[in-house]
Structures are given as structure tokens and as C-alpha cells.
Amino acid sequence: MVALGIDLGTTYSLVAVARKSVDDGRPHVLRSDAGEARVPSAVFFGATQSEGAIVGFAALAAARHGPGALLTSTKRFMGRGRQAALAHLRDHARNYALHPSDDDRVVQFAVPDGAGAERACTPVEVAAYVLKDLRDRATAALGRDVDEAVITVPAYFDDAQRQATRDAGRLAGLKVLRLLAEPTAAAVAYGLDREASGRGQGTYVVFDLGGGTFDVSVLTFDRGLFRVLATAGDTALGGDDFDWPIAKRILDAAGLGAEATPAQTQAALMIARQAKEVLTERDEVDVTAALEIGGELRPIEFSLTRAAFEAIILPVVHRCAGPCERALLDAGFRPDRPEDLQRLDGVILVGGSTRVPLVRRFVREFFGREPLLDAHPDEVVAAGAALQAAQLSGADDKDMLLLDVTPLSLGVETMGGVIDKLIPRNASIPCSSTHTFTTYADQQTAMDIHVMQGEREKVEHCKSLARFKLRGIPPLGAGLARVQVTFQLDADGLLTVTAKEQATGHVQSIEVKPSYGLTDLEVEEMLIASIDNAEGDITERLLIEKRVEARRVLLSTQKAIDEDGALLLPDERVAVMHAVAALETAIAGDDRHAIQQATDALDVVTTPFAQRRMTRRIGEALENKRIDEIA
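Per this note's numbering, the sequence shown starts with residue -7, numbered consecutively.
Structure follows, in C-alpha cells:
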């Protein structure tokens, strides 16, 4: 039995497997034919029915070529209501269009329905598309269908966000074996790798800054036992927050500002992300791009230094300090005492945003030590999830025990609107806790059980998870009846609440389903729709992939002609132009086989040209070189 380890990220997602029969159970991240491990967590909905929903790099490419809606970084809205999206649009950028709805339980984006109108699409659906794509990659790589997975979530995801992730897995046809905290997954991969070399024991901090979320966990590992001591974080802090200032400058340079459309804003964000990645390696970047405005391309060009970029994002990076302090204090370390920090054995960096030099300097200065850089920041979470998946599915009998914690306290509302906490934050999971309550009024025969999540003492400052009523309480005087309320938190961090009246034995139980969104019926309807449309979806996806590939060939051909057109013989130039025209015609059609044939034909007629270009490049490289220099 094989199960997948999936890192469902804000900007990129990955899938990995670990099998005892292959490389002694070491995890392997599955890659595309081009060798790329990451899949952009992006979904493009084309304006026509033939385009459908496109995922990953193909989605980013499709968004540049035609009308439609590109959804990226929607993980921030998992398990969140409409107000979260409205706040995002107000405080950041208008890179999404919301679907008109009176339902505030869940964010609904407006996307084309393929028939000239719009439909609603939730963050759960977007995540499901990405998970399906990862599952398809695994099926192709392993030569068999795999329907079980461990999916990672930010450690600071609350119950609603975790349930939303489970729903996405169901929509993708996956049985979710476990929801594993991202820092814990990273620690598993890192710890087992170090244990293999005899260096795996100790207490570590996992500093996980991804595209849209930030987690920090303090944990110990020793001979296969991984114990999380404390965790903290911010589910609205990540590399995306580094992109907004650059994107805003791009929009301002184009004369758009707050008037930019969602498509223009998404385009600016993609350009900004590329500029940010360049500044990770270089001291300056020339931002050169063009935005479509009123049917015309408006050129944009400016320079941005790393120093200026760091000055802009410094307040964002400093937001990491609060969660770091909380996690250290909860784990028994004083962040203001150097001797306490020296008790740590290292700080592990996780997430692509930790490549930003300013972030690494922050970590070094805050923890008083150089961070550990021997874990791959993009792949270590998926690798750890794969190790856990192998253990849970029985594919590997590695001796490993994970003791994770709950990030937020759980309790019930009592009289006066205060909260009695049954499970405190950073309690090891799975766990359970029972408190006894009594009636407030004479002859009271029912009791409201209001389940809350949060750290504050008053109900209005915490999040409501569920509410139910226990009936059948004997009509006694106030304070005489006894009701036991039990919270059971499973290994995924999902909660079941049971209330039992002791005299009668009457029991009422509820599996907490957050009020954020999808009911079982809604999920079932989506599952049925995905099954009914599965064949058509696959056909549409294959067509889109061929179109994207063909457009790339056309671009590279045109670039080669622009650079070395003089190397083309007259007859060859005519043949190439005919082949280019034929490929453009095929792209406009709906026959993917015709597109492939036209692509192959262009490859054949350009082969002599390509060989002459290669000969020229070799000659240029060898010009004025001595034989001993070449050797």
C-alpha cells in the first residue's frame, strides 16, 4: 500500500512518497517531466467551455494568453467567511472578484462558467483542483492510482481551516489519513535524516515562512520520538506580503492604482514575485513588463534595489517576532536570555520565503545563531508528510511517534459570557478532557453547550465552533444536576464534544463541523459533479497542455529567428513560416493531436537551423582561445 505526502502550500504545492522497498524508505518528491518539483497553487478558469479549469504552471501561462479568472494564494481563505476576503481586498489588492452572495459562511470567488456567465468557486474547490493535479502526478509517476494521503496544514490553522482542508481532500478523491502540521512534518524529515547519520537528537525550532502563512514550533526529537513543545504563528503572514508593495508600484507606474482590475492585479503580482526572487540572489533588479490596459500593452520599467525592498518589507518581517516569542515562552525558553537560547540545538528554516536575505538575518539576530540550511526549504515538508503517510498506510514499519499539539485553546461558554477552557493551547494531541457543569436555574431541563476556540476569556473575543443543546436534565433545583462535558481532540486536531447528564445517563454528542461553509450535502454534490465531468475534464486538460506547450515552441522559434535569422536559407525560411502558420491554426482549433503533429512538423523543419546556431555558439566560445585554455 502506497500513500502520498502532500504539502498543500499557499503559492506552491508538492507531493512525495516513501516506500521501504525503494531506497530503504527515504522520501522522494515526485517531479514533472521537466524535473520541476513544485506545482503552483494556481487555478485558471477560462472564459470558454473548452478551456475549463487549468492548474499549476499551465494556469499561469493561460492567464497571460486569454480572458478568464486566475485564482492564486487562496489558501489564506480556507475556512474563512466572506468578511476575510473583503478585508483582503480592502487592505491589499483587488486580485479577486467576489461572487455576489448572501452566504457569509464561506468566501466565494467569481469565475467564468464557460457559457458567458459567472459561477461561484470556493477556496476548498481551488485546493481540490490542486490536490487532483498532485494526485495525477503521483499516478503517472507510480504507474498506479493512489487515493490515500497525509496532507500538511499550517500549525496555527484552526478547526475550521483544518476541516476545509479535509473537505478539499475529499473533493479530490483522497482519503486523508492525517492532517499533519507543516513544522512537524519538516522536523520529521530533518530529524530522521540526521538520525541516520547519528546526529538526530535535540531541541529545535522550526521557522516556517511560506507564501501565505507563518508557523514557528519548538520540538524535541530522539530516536524516532517527535514531541512538539509549543507552536505559534500567523495564518495571514507570508511571502505574499512581500509581493504587494512591488505590485503596487507596478500598478502605480501603469497609472492604475486602486482602479486596477483583478486580472491586472494578478499580472502585477506575478511580475512582483519574479522580481522578489531575483532580489534574493542579486542586489538590484530591473523590473520590465507590460500590462494590458484598454486593449493595449502599457510598458513599465523601473529599478529596485535589495536595500529599498528590505526597507519596505522590514515591518512585515518583524511581525514574525511575536509568534517566536510566544512559542519560546510556552516551551520554557526566555527569548531575552541568551543562555536559554543556547539550549536550543538549532533553527530549521522551512518555506520558500526563508530564502529572502532579510528573513535569514532576522532569524540569526533573534535566535543568536546561524540557521540550519541543510534542509531543502521547499521539499522538506512534503518529505516529512510522505514518511508519516508510509507509516500510517503500513508501507513502512519505521519506529516513529509524533506528539503534536493543538495551537489554540478549546472551551465552552459559561454564564456571563466567559469561557471555561477544557483543552489549553499546546496540549499534546490526541487528547481528551472532561469538566463537570451544573444548572443555573431551578427546574432547568436543558443546557446549551457553546463550543469556543481562542485564548481570550470573553466569548466575544473568541471564535464560535459549534452549539448544541442537551435535553432531558431532571427538573431539580439550581446547582443540583450534574452534566459532564468531554472534549476529544483527534490526531488531526479535529474536535468531538460529548455532554452527559449523570443522573439519567442521557448523552448528546457532536462532531464539530465549523460553520464556515460546506455541508455534507454540498460536498456530496461537488463529488458527484466531479465524477460526472471527469472524462470531459481530462480531455480539456490535455488540450490546454498541448496549447501551452505549442505556444512555448512558437515563442522560442521566434526568438531564435530574431537572434540568428541570417542563418536561415531562403527555402528554409519559407518552410519555417508555413510550419509556424500551421501550428498557430492548430492552436486555434480543438484537436490536441493536430497541435502535436504541427508542433512536431515545426521541430523537423527547424532542426538544420538549430544545428547551425549550435555550431555558431561553439565557434564563438572557442574564438581566440588557446588549446591549453580549452583543455
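Idealized CB from N, CA, C, for every residue including glycine.
{"Query": "Give the straight-line distance between the Cα atoms of threonine 598 and threonine 531, rounded to the nearest whole angstrom.", "Result": "29 Å"}
{"Query": "Between which residues of its own chain and glutamate 371 is the CB-CB distance below 7 Å, once the five residues before and five after are set aside?", "Result": "Leu6, Val21 and Ala29"}
{"Query": "Buried or exposed, going by whether 16 or more other CB atoms sit within 10 Å of the CB of glycine 509?", "Result": "Because the pLDDT of glycine 509 is 45, which lies under 50, any placement of that residue in the model is unreliable, and the question is left without a value."}
{"Query": "Going by alpha carbons, who is nearest to valine 477 out of Ala571, Val540, Gln500 and Phe234?", "Result": "Gln500"}
{"Query": "Is the region 361 to 377 in contact with the region 170 to 184, if contact means three or more CB pairs nearer than 8 Å?", "Result": "yes"}
{"Query": "Does the pairing of the region 146 to 159 with the region 220 to 232 give three or more beta-carbon distances under 8 Å?", "Result": "yes"}
{"Query": "Within the continuous beta strand (DSSP E) that includes phenylalanine 199, where are the two ends?", "Result": "194 to 201"}
{"Query": "Measure the alpha-carbon distance for alanine 590 versus alanine 542 and round it to whole angstroms.", "Result": "9 Å"}
{"Query": "So, threonine 212 versus threonine 195, is the Cβ gap smaller than 7 Å?", "Result": "yes"}
{"Query": "Since glutamine 500 sits in a beta bridge, which residues does DSSP pair it with?", "Result": "Ala491"}
{"Query": "Using DSSP with H/G/I as helix, E/B as strand and the rest coil, what is isoleucine 46?", "Result": "strand"}
{"Query": "What distance in whole Å lies between the Cβ atoms of valine 339 and proline 363, which are believed to be in contact at a cut-off of 8 Å?", "Result": "5 Å"}
{"Query": "Give the straight-line distance between the Cα atoms of proline 562 and isoleucine 238, rounded to the nearest whole angstrom.", "Result": "46 Å"}
{"Query": "Pop quiz: leucine -3 and proline 32 are said to be a contact at Cβ under 8 Å. What is the actual Cβ separation, rounded to whole angstroms?", "Result": "Before going further, note that residue -3 is glycine rather than leucine in the sequence given. Actually they are not in contact, since the Cβ atoms of glycine -3 and proline 32 sit about 19 Å apart, beyond 8 Å."}
{"Query": "Starting from the C-beta of alanine 593, find all residues in its chain whose C-beta is less than 8 Å away, skip the five residues before and the five after it, and write them out in chain order.", "Result": "Ala571, Ala574 and Leu575"}
{"Query": "In whole angstroms, give me the CA-to-CA distance for lysine 12 and leucine 384.", "Result": "13 Å"}
{"Query": "On a Cα-Cα basis, can you pick out the residue from Asp137, Ala152, Leu229 and Glu174 that is closest to alanine 164?", "Result": "Asp137"}
{"Query": "Return the CA-CA distance between isoleucine 579 and lysine 538, expressed in angstroms with no decimal places.", "Result": "8 Å"}
{"Query": "Taking its Cβ as the centre, do 16 or more other Cβ atoms sit within 10 Å of tyrosine 121, making it buried, or is it exposed?", "Result": "buried"}
{"Query": "What residue does the alpha helix (DSSP H) around phenylalanine 69 start on, and which one ends it?", "Result": "Phenylalanine 69 -> no alpha helix (DSSP H), and no H or E assigned at all."}
{"Query": "Do isoleucine 465 and valine 404 have their C-beta atoms closer together than 7 Å?", "Result": "no"}
{"Query": "Taking a contact to mean a Cβ-Cβ separation below 7 Å, would you say isoleucine 292 touches isoleucine 242 in this structure?", "Result": "yes"}
{"Query": "Would alanine 45 pass as an interface residue toward chain D - the criterion being a Cβ-Cβ separation below 7 Å?", "Result": "Of the protein chains in this structure there is only one, and it is not chain D."}
{"Query": "Please report the distance separating the alpha-carbon of arginine 605 from that of methionine 569.", "Result": "18 Å"}
{"Query": "Any contact between the region 336 to 351 and the region 94 to 106? By contact I mean 3 or more CB pairs, one from each, below 8 Å.", "Result": "no"}
{"Query": "Quick check: leucine 394 and isoleucine 415, are their CB atoms within less than 7 Å of each other?", "Result": "no"}
{"Query": "Quick check on glutamate 110: does DSSP put it in helix, strand or coil?", "Result": "strand"}
{"Query": "Just list the beta strand (DSSP E) runs in the region 426 to 497, keeping only unbroken ones of 3 residues or longer that don't cross its boundaries, in chain order.", "Result": "438 to 445, 455 to 463, 475 to 481 and 487 to 493"}
{"Query": "For a quick check, are the C-beta atoms of glutamate 174 and aspartate 139 less than 7 Å apart?", "Result": "no"}
{"Query": "Output the distance between the C-alpha atoms of arginine 544 and histidine 453, rounded to the nearest integer angstrom.", "Result": "52 Å"}
{"Query": "Is threonine 426 buried or exposed, if buried means 16 or more other CB atoms sit within 10 Å of its CB?", "Result": "exposed"}
{"Query": "Excluding five sequence neighbours on each side, which residues of the same chain lie with their C-beta closer than 8 Å to the C-beta of glutamine 256?", "Result": "Leu243, Ala246, Leu248, Leu283, Glu284 and Ile285"}
{"Query": "Label glycine 203 either buried or exposed according to how many other C-beta atoms from any shown protein chain fall within 10 Å of its C-beta, with 16 as the threshold for buried.", "Result": "buried"}
{"Query": "Taking the beta carbon of methionine 407 as the centre, do at least 16 other beta carbons fall within 10 Å, making it buried, or is it exposed?", "Result": "exposed"}
{"Query": "Tell me which residues share the same chain as threonine 511 and place their Cβ nearer than 6 Å to its Cβ, disregarding the 5 neighbours each side in the sequence.", "Result": "Since pLDDT at threonine 511 reaches only 47, below the 50 mark, its modelled position is unreliable, and no value is offered."}
{"Query": "With a cut-off of 8 Å on the beta carbons, I'd call alanine 10 and leucine 379 a contact; round off their distance for me.", "Result": "5 Å"}
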